[in-house]
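Asks: With numbering that gives the first Met the number 0, the residue at position 92 of the sequence shown is 91, and numbering never jumps.
Glycine is no exception: its CB is placed at the ideal position from the N, C-alpha and C atoms.
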Amino acid sequence: MSPIPTLTDLEAARAKVANELSVDVLKGVDLHKTELALARNFTSDTITYPTDGMIAYAMKASRGDDVFKADQCTVALEAHIAQITGKEAALFCASGTMTNQLAIRTHLLSPPHSVLCDARAHVHRNEAGGIAHHSQATTLPVMPENGHHLTVKDVKAAAILSEDVHLAPTRLISLENTLNGTILPQDEIVAISQYARSSGIKMHLDGARIWNVAAETGASLHELCEPFDSVSLCLSKGIGAPIGSMLVGNREFISRARWFRKMFGGGWRQSGYLAAAAAYALTHNFPLLSGTHALARKLEAGLRDIGVGILCSGTNMVFFDARSIGVNYDELVKRALALPEPLYLGGSRLVIHYQTSEKAVNDLLDLIQVMANEKRAEGFVPGVLEQQPADAYYPKMKEVFIRSGTKAVA
Ligand SMILES: Cc1ncc(COP(=O)(O)O)c(C=O)c1O
Numbered sequence: 000m001s002p003i004p005t006l007t008d009l010e011a012a013r014a015k016v017a018n019e020l021s022v023d024v025l026k027g028v029d030l031h032k033t034e035l036a037l038a039r040n041f042t043s044d045t046i047t048y049p050t051d052g053m054i055a056y057a058m059k060a061s062r063g064d065d066v067f068k069a070d071q072c073t074v075a076l077e078a079h080i081a082q083i084t085g086k087e088a089a090l091f092c093a094s095g096t097m098t099n100q101l102a103i104r105t106h107l108l109s110p111p112h113s114v115l116c117d118a119r120a121h122v123h124r125n126e127a128g129g130i131a132h133h134s135q136a137t138t139l140p141v142m143p144e145n146g147h148h149l150t151v152k153d154v155k156a157a158a159i160l161s162e163d164v165h166l167a168p169t170r171l172i173s174l175e176n177t178l179n180g181t182i183l184p185q186d187e188i189v190a191i192s193q194y195a196r197s198s199g200i201k202m203h204l205d206g207a208r209i210w211n212v213a214a215e216t217g218a219s220l221h222e223l224c225e226p227f228d229s230v231s232l233c234l235s236k237g238i239g240a241p242i243g244s245m246l247v248g249n250r251e252f253i254s255r256a257r258w259f260r261k262m263f264g265g266g267w268r269q270s271g272y273l274a275a276a277a278a279y280a281l282t283h284n285f286p287l288l289s290g291t292h293a294l295a296r297k298l299e300a301g302l303r304d305i306g307v308g309i310l311c312s313g314t315n316m317v318f319f320d321a322r323s324i325g326v327n328y329d330e331l332v333k334r335a336l337a338l339p340e341p342l343y344l345g346g347s348r349l350v351i352h353y354q355t356s357e358k359a360v361n362d363l364l365d366l367i368q369v370m371a372n373e374k375r376a377e378g379f380v381p382g383v384l385e386q387q388p389a390d391a392y393y394p395k396m397k398e399v400f401i402r403s404g405t406k407a408v409a
């Protein structure tokens, strides 16, 4: 018979477990270094850094449990976003993928059904096949005829309204604004929405970067969201919150989405400090976005001056064609990393965020100029691409985002 553990044995065992659990993750954290690197990172606008001011504001937040709708700051942020977007209700979630997928799942009631979207849409290409998994839907990816944005003509040609049992009727149109940094013309959105409403189709907007549209055009969130039944608005992209995305729609829709959020495992508890950080970002960072866009235009103009082809550009993004100066992306990424003050690039997509420094843009242009000169000295002759007007760089539905380190070529 094994001896009965004494109290001292039990206490020793507990102390051993406590010792195993304890960890100090702050060891080695160098905030200054992170901040410097961030100012020179062109890979995404998701990487912005919560400032001391934002963290200080978030520290004062409420600490209730959001699954029980008991967190005051979360409820207040949801009410605010619902109000500015002109919708009845809002739901604060962990990510843009979650708010898109929740919206799609909530709109689609029973298969067979299909979701129509731009072939380049995040919901179709970059959400791990979530539409098929969560909503049992077929996606109808449509290539815009004009190579830039979907029109009501594109949508009418692709939407399935038929009762033919071979087909999956279109129940939802999902648009994205901005898409690759470019803005969808609002009158086209309104026309698509009118068509959708007259055909019994719901409208969702992936508005991950809708703040950039408002900052660029001065249009209100209410106007931008009006044509849609639901909108996903990311808080952790250009607007600069550390985490979060808001889904808006009517009360019944949001109640159901909240239910699905719990089912997806996304019901969260003390979300108050995250809501507060997002509120701080909206208040302090939105006014900075137009400066972000101006810096992106400076980068674009500098690239054009060097003779670099622009594949696509708008708001805070520039997609460039490294081939037009005889360079490949991997080579450029390596050279940028090897600079005394490294620059971080991800391929053809250059993203400016509110913490990108102007010096980083100048340094990047200098590096590209040096590499273009080297290639010319080695005998590279700029091809026909370089001679063509800017619009020729909108390749009809060619992928403009060529990630370094992948085999994909434009
Ligand atoms: C247009 C668009 N929609 C949705 C998302 C998804 O956001 P998250 O990364 O928060 O899931 C992204 C992410 O980059 C995006 O670019």
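Opposite residue 138 in the DSSP bridges: which residues?
Replies: 114
Asks: Could you round the C-beta distance between residue 411 and residue 84 to whole angstroms and report it? I think they count as a contact, below 8 Å.
Replies: Here the chain comprises residues numbered 0 to 409, so residue 411 is not present and cannot be evaluated.
Asks: Just to confirm before moving on: does the CB-CB distance between residue 276 and residue 241 stay below 7 Å?
Replies: yes
Asks: Just the Cα atoms here: how many angstroms apart are residue 307 and residue 371?
Replies: 9 Å
Asks: Starting from residue 309, trace the alpha helix (DSSP H) in both directions and tell me its first and last residue.
Replies: Per DSSP, residue 309 belongs to no alpha helix (DSSP H); it is in the beta strand (DSSP E), 308-313.
Asks: Going by the DSSP bridge assignment, what does residue 318 pair with across the sheet?
Replies: 311 and 348
Asks: Going by C-alpha distance, which of 146, 221, 147 and 97 is nearest residue 125?
Replies: For residue 125, the nearest C-alpha among the options comes from 97.
Asks: Given a cut-off of 7 Å, decide if residue 37 and residue 260 are closer than it, judged by their beta-carbon atoms.
Replies: Not a contact, by the Cβ cut-off of 7 Å.
Asks: If you draw a straight line from the C-alpha of residue 170 to the C-alpha of residue 342, how long is it?
Replies: 44 Å
Asks: Which of helix, strand or coil does DSSP assign to residue 268?
Replies: coil
Asks: Beta-carbon within less than 7 Å of residue 81's beta-carbon, same chain only, minus the 5 sequence neighbours each way: which residues are those?
Replies: 87, 88, 89 and 247
Asks: Decide if residue 210 is buried, meaning its Cβ has at least 16 other Cβ atoms within 10 Å, or exposed.
Replies: buried
Asks: Taking the C-alpha atoms as reference points, what is the distance between residue 293 and residue 203?
Replies: 29 Å
Asks: Report the CB separation of residue 231 from residue 99 in whole angstroms; it is logged as a contact under 8 Å.
Replies: 5 Å
Asks: Between residue 314 and the rest of its own chain, which residues show a CB-CB distance below 6 Å, the 5 nearest in sequence each way excluded?
Replies: 177, 180, 211, 215 and 292
Asks: Let me check understanding here. Comparing Cα to Cα, which of 316, 319, 340 and 345 lies closest to residue 329?
Replies: 345
Asks: Does DSSP put residue 3 in a helix, a strand or coil?
Replies: coil
Asks: Starting from residue 203, trace the alpha helix (DSSP H) both ways and give me its first and last residue.
Replies: Run containing residue 203: none in the alpha helix (DSSP H); it sits in the beta strand (DSSP E), 201-206.
Asks: Suppose contacts are defined by Cβ-Cβ distances below 7 Å. Is residue 245 in contact with residue 41 by that definition?
Replies: Contact check for residue 245 against residue 41 fails: the beta carbons are separated by 7 Å or more.
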